[in-house]
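When you line the sequence shown up against mature numbering (1 follows the signal peptide of the UniProt record, and there is no 0), it's residues -25 to -1, 1 to 196, in that order.
In this text, a Cβ means the ideal position worked out from N, Cα and C, and glycines have one as well.
Keep in mind that this is a model prediction, so the values were computed, not measured.
Structure, as structure tokens:
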Amino acid sequence: MVQLSTSVYLLGGLLGLFLPSPVLMAPTPASMCTPLRTLNDSLSHRRRYMKHNFPINYTIRVHHKEIFKLSDINRMRLQVEQLDALVLQRLWFQVNQGVLKKIIRVMPERHPSRPYTTELERRFRDAEGVFVQSHPTEVFQQELPETIQDTWDHLTEETDRVPESSWRFAPPKLLLDNFCHTMHCLFSECFAGTEAQQHCEYNRALGIRDVSSMSHSLLTS
Ligand SMILES: *[C@@H]1O[C@H](CO)[C@@H](O)[C@H](O)[C@H]1NC(C)=O
Ligand SMILES: *[C@@H]1O[C@H](CO)[C@@H](O)[C@H](O)[C@H]1NC(C)=O
């Protein structure tokens, strides 16, 4: 028994050593899943509306922080110990609000993708409304970890104060791909088994949790 617990302890220690610290879990409230899945339905048409209706290689100008990918989430998790999932979800809303605004801005009134994009934005707002309602207000007043606050400040900077070097050109389809994949990652409870999750370290940390609870039951049995 002593040997077993020692090896289990060692296993735990090794896992702890080699894996990034797990994200503190703020489980997504079940009420979030309905608006997010509605949003996901809209996003499934993104190729048609964000690619086919635009000139080949069309790009729009966005802040480089608005190119928000799974790898950015993974990097932030490594930079900030015990990063709360809720903080990343807030950041996701902030980023994509700006992305949608910029996509809509480049489309003339009669652009064939305009109704699609305004509907997408409406659904996004609905999801944001549910998100805000389903958490206590204090959560949104909490101080953010420094690197996250830094990103936040860049995202909310006035357009004419953003230095030239911070702008990037990105195809609208790519921006919505990021939108979709990071959503699957950050609200994983609503999107079990999607491809993005395989690249989402955040969920891998959950897998590790299962291992440690298994060792725990071995110890106590
Ligand atoms: C999200 O949309 C994709 C299509 O883009 C679909 O395959 C998947 O089943 C949807 N997920 C949910 C949970 O609605
Ligand atoms: C689009 O970009 C690709 C890759 O950069 C390039 O090979 C292609 O010629 C471009 N097409 C047009 C129509 O500009």
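- Query: What is the DSSP secondary structure of F144, counted as helix, strand or coil?
  - Reply: strand
- For review: beta carbons within less than 5 Å of any heavy atom in ligand 2: I31 and N32
- Are the beta-carbon atoms belonging to R98 and T13 less than 8 Å from one another? yes
- Please classify R85: does DSSP put it in a helix, a strand, or coil? coil
- Message: Restricting to runs no shorter than 3 residues, where is the beta strand (DSSP E) found entirely within the region 19 to 100?
- Response: 35 to 38
- Task: Return yes when the C-beta of R12 is under 7 Å from any heavy atom of ligand 1, and no when it is not.
- Result: yes
- Spatially closest choice to L151 from F29, P30, I42 and F166, by CA coordinates: I42
- Task: Hey, could you find the ends of the alpha helix (DSSP H) D135 is sitting in?
- Result: From DSSP, D135 is part of no alpha helix (DSSP H); its letter is neither H nor E.
- Could you pull out every residue in the same chain whose Cβ sits closer than 7 Å to the Cβ of Q54, ignoring the five residues on either side in sequence? T122
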